[in-house]
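The structure appears right after this line, and notes come after that.
In the UniProt record's numbering, the protein residues as written are 1 to 174.
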């Protein structure tokens with residue numbers, strides 16, 4: 001019962017991977033999980049003593065999420081702002097220190113993004129969820145059909161027409 005209730009509560013909060021959680025979402029997730037385990041540890045505690053706080057935490061998360069969407073100031077206060085750590089090819093070591101990031105951490109994160117040579121990176125930003133977004137210099141960007149003025153047909157959205165060995169009928173209707 002508690003398991004199902006916690007799953008529903010987390011689903012109401014929205015889909016995110018653990019690495020994408022904002023700080024307030026992570027705190028709420030920890031609070032929900034620890035609150036939900038209390039009745040499991042004490043058989044004399046009524047289940048309602050778990051459900052009410054979990055509902056309160058979910059409501060609080062929804063309120064914070066709505067306010068974050070509606071107010072940039074509130075969003076910046078709760079989630080922070082993206083921070084530019086490489087600007088025009090220059091690493092901002094002061095910002096790295098503020099973030100408690102080393103150049104090795106930066107290089108590791110850039111390699112995970114496919115940038116093996118830091119000299120190829122023109123700009124890099126640490127996003128509010130802790131991930132790094134990077135942009136390389138124009139001379140290192142891959143060649144595209146648009147670069148060489150070739151027109152290509154748009155293939156549209158690719159979908160599976162057979163799932164679990166059975167054709168999906170709606171894709172065969174005209």
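Where a beta carbon is used, it is the ideal one built from N, C-alpha and C, also for glycine.
{"query": "Burial state of residue 141 (16 or more Cβ within 10 Å)", "result": "exposed"}
{"query": "Close Cβ partners of residue 28 (< 6 Å) along its chain, the five nearest in sequence each way excluded", "result": "57 and 61"}
{"query": "8 Å contact criterion, which residue 86 and residue 136 should meet: CB distance rounded", "result": "Actually they are not in contact, since the Cβ atoms of residue 86 and residue 136 sit about 11 Å apart, beyond 8 Å."}
{"query": "Cβ contact check for the segment 128 to 135 and the segment 97 to 110: 3 or more pairs under 8 Å", "result": "yes"}
{"query": "Nonlocal neighbours in the same chain, by C-beta distance under 8 Å from residue 158, ignoring five residues either side", "result": "none"}
{"query": "Beta-bridge partners of residue 134, as assigned by DSSP", "result": "124"}
{"query": "Every unbroken alpha helix (DSSP H) within the UniProt domain \"YetF C-terminal\" (70 to 171), with a cutoff of 4 residues, ordered by chain", "result": "72 to 79, 93 to 98 and 103 to 112"}
{"query": "Length of the line joining the Cα atoms of residue 172 and residue 162", "result": "11 Å"}
{"query": "Span of the alpha helix (DSSP H), counted from its first residue to its last, around residue 40", "result": "23 to 41"}
{"query": "Residue closest to residue 23, alpha-carbon to alpha-carbon, out of 66, 156, 83 and 130", "result": "130"}
{"query": "Nearest residue (CA-CA) to residue 127, options 49, 82, 100 and 170", "result": "82"}
{"query": "For residue 49, three-class secondary structure by DSSP", "result": "helix"}
{"query": "Cα-Cα separation between residue 4 and residue 88, rounded to whole angstroms", "result": "50 Å"}
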